[in-house]
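One structure is given here, and the rest of the page talks about it.
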Amino acid sequence: MQSHSARLNIQYAVINGLFLALACGTMGFAANFLLGKGMSNSLLGIVLTLVSVVSAVFQAVFAPVIDRSDTVSEKKFIAISLAIAVAGSILLLLVNNLWLLVPVVIVTYASSTVGMPFLNSIAFLYEKEGVSINYGVSRGIGSATYAVAGWVFGQFLIAHSPALLPWFYIGLGSLALVAVLTLPNPSPLAEADAAHAQDEQAGRSLSYPEFFRKYRVLAIAFCGMVLIYFCHMIINNFMINVVAAIVGANGASGYQGTAVFIQAMVELPTMFLFAQIMKKFSIDRLMAFAAVMYTVKHLTVLASVATGSIALYYAAMVMQMISYAVLVPGSVYFANEVCDKHDLNKGQSTMALSTTIGGLFASFVGGLLFDAMPVAGVLTVGAAASAIGTVLVVLAMRSRAKE
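Read in order, the letters of the sequence shown are residues 99 to 501 in my numbering.
Next up, the structure:
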């Protein structure tokens, strides 16, 4: 049993790593690829907004279906989405017309990330079989591969065209697909137990308004996280613009790759030790702390642009270890604690949707703002939204602590 558990943890960690390396290439360097194709910041923002919309719709539609279905499983959904991402990546190499490229980019990028919340749910299904998945370690492995991928992409783009990035998508997506297909299926009993609770609500799926009324604390936290991720995604999706505002356009991709490497690598200690951290601090306190640190990080990014200091920007990236690295695994465990088992996939997808919807607003509004005002002005708007989001998350956690 121990060898089976160890093997399953390794497989799960590998899939997390491949997923996040793929996400780094698609979403992390989306601006490099699409601006290189001749898109304006405004059009780039619209495209990334539509990526978020498609991802959000798929998560919202399929989460309750998977929760209740005996035939559609998390594993099948993830495998299909990865297959679509690989096929789309091949088309990215073949399509040159900008307007034909747009729908291919939207479908490909959305498919590359839409499966993540369902991968989170699989971990808890294995736990129902008595197999403990160390989510923090697995997510830490994901951060490590994201870091390495970010550095590789940054160095690659110094000498090569961003138009070649889809080759990386094809390779990473194919490896992730193989890894998912070889992952053992959770037992039917575990899936049935997760999908069919023995109560009067077991036979039907809550609508999202009903879900948020039932889990009011989660709803408040969700709204706060959307605002926090709004600023987070403005910085990440348009990182090339932010870095260029600090160091100039020449060689900005190299600095961007280093920044991505730093912020992903510093996540590792927190992710690896998250199970131990939870033994000393409640999820409520961890979520509130991470939200506060996120706003401090965003203000530091704003200061780095205002002062022209790449060192200060790198310092902000180091703060990833006490913001993102706490909030992401914290939100997974938070949803698992708050939601009843028959609402688990909806709870996990809702937490993931906070990133998606925050990214949606960041992409659309951010693209327009970057064309309309200096980078410092855009970051000021983002930091203000982050501060409001932090207040909401803190209030939600305090409210839950009183329950």
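Cβ coordinates follow ideal geometry from the N, Cα and C atoms, glycine included.
Since the model is a prediction, treat every value here as computed from it, not as a measurement.
Quick one: residues in its chain with C-beta nearer than 8 Å to the C-beta of residue 249, no 5 flanking neighbours on either side, listed in chain order? As a working mapping, residue 249 is identified with position 151 in the sequence shown. Result list for residue 249: 355, 356, 358, 359, in chain order.
How big is the Cα-Cα spacing for residue 185 and residue 489? In the sequence shown, residue 185 corresponds to position 87, counting from 1. In the sequence shown, residue 489 corresponds to position 391, counting from 1. Spanning the two alpha carbons is a distance of roughly 42 Å.
Pick from 223, 241, 232, 389: whose alpha carbon is nearest that of residue 364? Working through the sequence shown from its first residue, we reach residue 364 at position 266. 241 is the residue among 223, 241, 232, 389 whose C-alpha sits nearest the C-alpha of residue 364.
So, do the segment 334-345 and the segment 403-421 have three or more beta carbon pairs nearer to each other than 8 Å? The segment 334-345 vs the segment 403-421: in contact.
Quick one: Cα of residue 370 to Cα of residue 379, how far? Here the question's residue 370 lines up with position 272 in the sequence shown. Here the question's residue 379 lines up with position 281 in the sequence shown. Computed Cα separation, rounded: 16 Å.
Neighbourhood of residue 421 by C-beta distance below 7 Å, restricted to the same chain and skipping five residues each side: Walking along the sequence shown from the start, residue 421 turns up at place 323. Correct list, in chain order: 388, 391, 392, 395.
Here's a check: name, in chain order, each residue in its chain whose Cβ is nearer than 6 Å to the Cβ of residue 515, leaving out the five neighbours to either side. The chain is shown only over 99 to 501; residue 515 falls outside these bounds and no answer can be derived.
For residue 486, collect the residues of the same chain with a Cβ closer than 7 Å to its Cβ; drop the 5 residues on either side in sequence, then sort them by chain order. Residue 486 sits at position 388 when you count from the first residue of the sequence shown. So the qualifying residues of the chain are 325.
Decide if residue 280 is buried, meaning its Cβ has at least 16 other Cβ atoms within 10 Å, or exposed. One-based indexing of the sequence shown puts residue 280 at position 182. By the neighbour-count rule (16 or more Cβ atoms within 10 Å), residue 280 is not buried but exposed.
If the criterion is Cβ atoms closer than 8 Å, does the pair residue 322 and residue 253 meet it? To locate residue 322, count along the sequence shown from 1; it is residue 224. To locate residue 253, count along the sequence shown from 1; it is residue 155. The answer is no: Cβ separation not under 8 Å.
Which value, in whole angstroms, describes the spacing of the CA atoms of residue 361 and residue 272? Here the question's residue 361 lines up with position 263 in the sequence shown. Here the question's residue 272 lines up with position 174 in the sequence shown. Whole-angstrom Cα-Cα distance: 26 Å.
Could you have a look at residue 403 and say whether DSSP puts it in helix, strand or coil? Within the sequence shown, the letter at position 305 stands for residue 403. In the three-state reduction of the DSSP assignment, residue 403 falls in the helix class.
Could you tell me the alpha carbon to alpha carbon distance between residue 216 and residue 177, rounded to whole angstroms? Numbered from 1 along the sequence shown, position 118 holds the residue referred to as residue 216. Numbered from 1 along the sequence shown, position 79 holds the residue referred to as residue 177. Whole-angstrom Cα-Cα distance: 11 Å.
Rounding to the nearest angstrom, what Cα-Cα distance links residue 468 and residue 413 in this structure? Walking along the sequence shown from the start, residue 468 turns up at place 370. Walking along the sequence shown from the start, residue 413 turns up at place 315. If you take the alpha carbons of residue 468 and residue 413, they lie about 23 Å apart.
Hey, out of 495, 123, 162, whose CA is closest to residue 208's CA? Position 110 of the sequence shown, counting from 1, holds the residue named residue 208. Among 495, 123, 162, the Cα nearest to that of residue 208 belongs to 123.
Take residue 339 as the anchor and find which of 239, 220, 350, 330 has the nearest alpha-carbon. Residue mapping note: residue 339 aligns to position 241 of the sequence shown, counting from 1. Distance check between residue 339 and each of 239, 220, 350, 330 places 350 closest, using alpha-carbon atoms only.
Around the C-beta of residue 471, are 16 or more other C-beta atoms found within 10 angstroms, so that it is buried, or is it exposed? Counted from its first residue, the sequence shown places residue 471 at position 373. Residue 471 comes out exposed.
Do residue 263 and residue 131 have their C-beta atoms closer together than 8 Å? Taking the first residue of the sequence shown as 1, we reach residue 263 at position 165. Taking the first residue of the sequence shown as 1, we reach residue 131 at position 33. Yes, the pair counts as a contact, with Cβ atoms nearer than the cut-off.
Closest to residue 141 by C-alpha separation, out of 128, 152, 333, would be which residue? To locate residue 141, count along the sequence shown from 1; it is residue 43. The option with the nearest alpha carbon to residue 141 is 128.
Leaving out five residues on either side along the sequence, give the residues of the same chain with a beta carbon under 7 Å from the beta carbon of residue 112. Taking the first residue of the sequence shown as position 1, residue 112 is located at position 14. Around residue 112: 277.
Have a look at residue 298 and residue 309 and give me their C-alpha separation to the nearest angstrom. Mapped onto the sequence shown, residue 298 falls at position 200. Mapped onto the sequence shown, residue 309 falls at position 211. Note that residue 298 scores a pLDDT of 39, beneath 50, so its modelled location is shaky and nothing firm can be said.
With DSSP run on the structure shown, which of helix, strand or coil describes residue 389? Mapped onto the sequence shown, residue 389 falls at position 291. Note: residue 389 maps to helix in three-state DSSP.
Determine contact between the segment 443-462 and the segment 142-152, defined as no fewer than three beta-carbon pairs at a distance below 8 Å. Output reads yes: the segment 142-152 touches the segment 443-462.
Can you tell me which of 337, 192, 496 puts its alpha carbon nearest to the alpha carbon of residue 403? Walking along the sequence shown from the start, residue 403 turns up at place 305. Of all alpha-carbon atoms in 337, 192, 496, the one lying nearest the alpha-carbon of residue 403 is that of 337.
Checking 8 Å against the spacing of the C-beta atoms, do residue 465 and residue 143 come in under that value? If you number the sequence shown from 1, residue 465 lands on position 367. If you number the sequence shown from 1, residue 143 lands on position 45. Yes, Cβ-Cβ distance for residue 465 and residue 143 is below 8 Å.
Could you check if residue 105 is buried or exposed, using at least 16 other CB atoms within 10 Å of its CB as the buried criterion? Indexing the sequence shown from 1 puts residue 105 at position 7. Around the CB of residue 105, fewer than 16 other CB atoms lie within 10 Å, so the residue is classed as exposed.
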